[in-house]
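Structure first, then comments.
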Amino acid sequence: HLDVLYMPAPAMRFSVCLLLTYVFAHARAIAVASVRHTGSVAAAPAAALDGNPVSRRLLLRGAVWATGVYSSVGSAACASAYTVSQVKPSEKETYEVAQKGDGALRVLWVGAGSLSGVFKGLFPAGNEVVAVDLVRPDRTDYSAATTYAAEHGYNLRFEQGDATKLKFPDGSFDVVVSSMFLCQGSELDVPVPNWEEIVVSEIQRVLKPGGRFGFYEHIEDIDKVIVDKVFGERSVIRVQAYPERTNVIAGVVRKV
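Here you go:
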């Protein structure tokens, strides 16, 4: 329609997003139908095959990503301040990138829970890892985790504490990491407004200048809190997500 030629830029971008959403959904439906009819899986999108639940918002994000116009502020644009790579995130790889550096690093592990994460091989030899959680792990879990850490060449200790009020001085750590933790704000008995932003601000506070924060979360837009509200766009080392395959988003940022 000729009216499109005179459409304001924001409206034009919104219209493009709607069109892309339709195209993505239509293509997905055709591919799934093809699988059912022909038995071929080659053309089917991953979301239709791997059984992982994917939200509508992430499907929209995936449709926009497919065109290469996804921006850091969550709207269609011709350029972005930082890139969200379409890669299925790896927790171990995210922690490895966060802990890159020379010499022994002091690492804060926020939301460590029962400390079972140590058995995934997330921490390299030589580092000092301080695990923090509101609930103390039981003696058996703590003993098993610290024994494993010692056998793999790094020191692990636990500090009970509240992530919204970390009891460490400013600039205490080279690295902070967390996995599936920032989603817990919605599970609090008494909701705390902006809980995620408060926690991320505390993480930034205890990092040394140039220190890195590695996150592995399943809040769809947690990068908007970490990057846009706290660390800033210049902090981004990488952000990864693959909305057609998983709801997880992961990344590494640095304190600048």
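Residue numbers (our numbering): 504 to 759.
Cβ coordinates follow ideal geometry from the N, Cα and C atoms, glycine included.
Enclosing beta strand (DSSP E) for Gln-743 [first to last residue] = Here the question's residue 743 lines up with position 240 in the sequence shown. 739-744 is the span of the beta strand (DSSP E), which, as asked, contains Gln-743.
Would you identify the three-state DSSP class for Ile-722, choosing helix, strand or coil?
-> Against the sequence shown, residue 722 aligns to sequence position 219. Here DSSP, grouped into helix, strand and coil, assigns Ile-722 to coil.
What do you reckon, is the C-beta of Pro-712 under 8 angstroms from a heavy atom of the ligand ZN?
-> For the structure depicted, the ligand ZN is absent and the ligand set is empty, with no information on it obtainable.
Any chance you could list the alpha helix (DSSP H) runs of at least 4 consecutive residues sitting entirely within the stretch 609-657, in chain order?
-> Listed in chain order, the complete alpha helix (DSSP H) runs (minimum 4 residues) inside the stretch 609-657 are 642-654.
Rounded to whole angstroms, how far is the Cβ of His-721 from the Cβ of Val-742, which I believe are closer than 8 angstroms?
-> Walking along the sequence shown from the start, residue 721 turns up at place 218. Walking along the sequence shown from the start, residue 742 turns up at place 239. The Cβ separation is near 14 angstroms, so there is no contact.
Specify, as a first and last residue, the run of the alpha helix (DSSP H) that Gln-707 falls within.
-> Sequence index remark: in the sequence shown, residue 707 carries index 204 (1-based). Unbroken alpha helix (DSSP H) run through Gln-707: 698-709.
Name the residue from Gln-707, Val-733, Tyr-719 whose alpha carbon lies nearest to the alpha carbon of Ala-615.
-> Numbered from its first residue, the sequence shown carries residue 615 at position 112. Nearest option by C-alpha distance: Tyr-719.
With a 10 Å radius around its C-beta and 16 neighbouring C-beta atoms as the bar for buried, classify Gln-602 as buried or exposed.
-> The residue given as residue 602 occupies position 99 in the sequence shown. Buried: at least 16 other Cβ atoms inside 10 Å.
Check the C-beta distance from Val-709 over to Asp-673 and give it rounded, since I have them as a contact under 8 angstroms.
-> Within the sequence shown, numbered from 1, the residue matching residue 709 stands at position 206. Within the sequence shown, numbered from 1, the residue matching residue 673 stands at position 170. Cβ-Cβ separation between Val-709 and Asp-673: approximately 7 angstroms, consistent with a contact (criterion under 8 angstroms).
Could you please give the first and the last residue of the uninterrupted beta strand (DSSP E) stretch that includes Val-607?
-> Looking up residue 607 in the sequence shown gives position 104. The sequence shown places Ala at residue 607, not Val. No beta strand (DSSP E) contains Ala-607, which DSSP labels as neither H nor E.
With respect to the alpha helix (DSSP H) encompassing Ala-601, which residues constitute its N-terminal and C-terminal limits?
-> The residue given as residue 601 occupies position 98 in the sequence shown. Ala-601 -> alpha helix (DSSP H) spans 594-601.
Sheet register partners of Leu-659 (DSSP bridge) = The residue given as residue 659 occupies position 156 in the sequence shown. Val-632.
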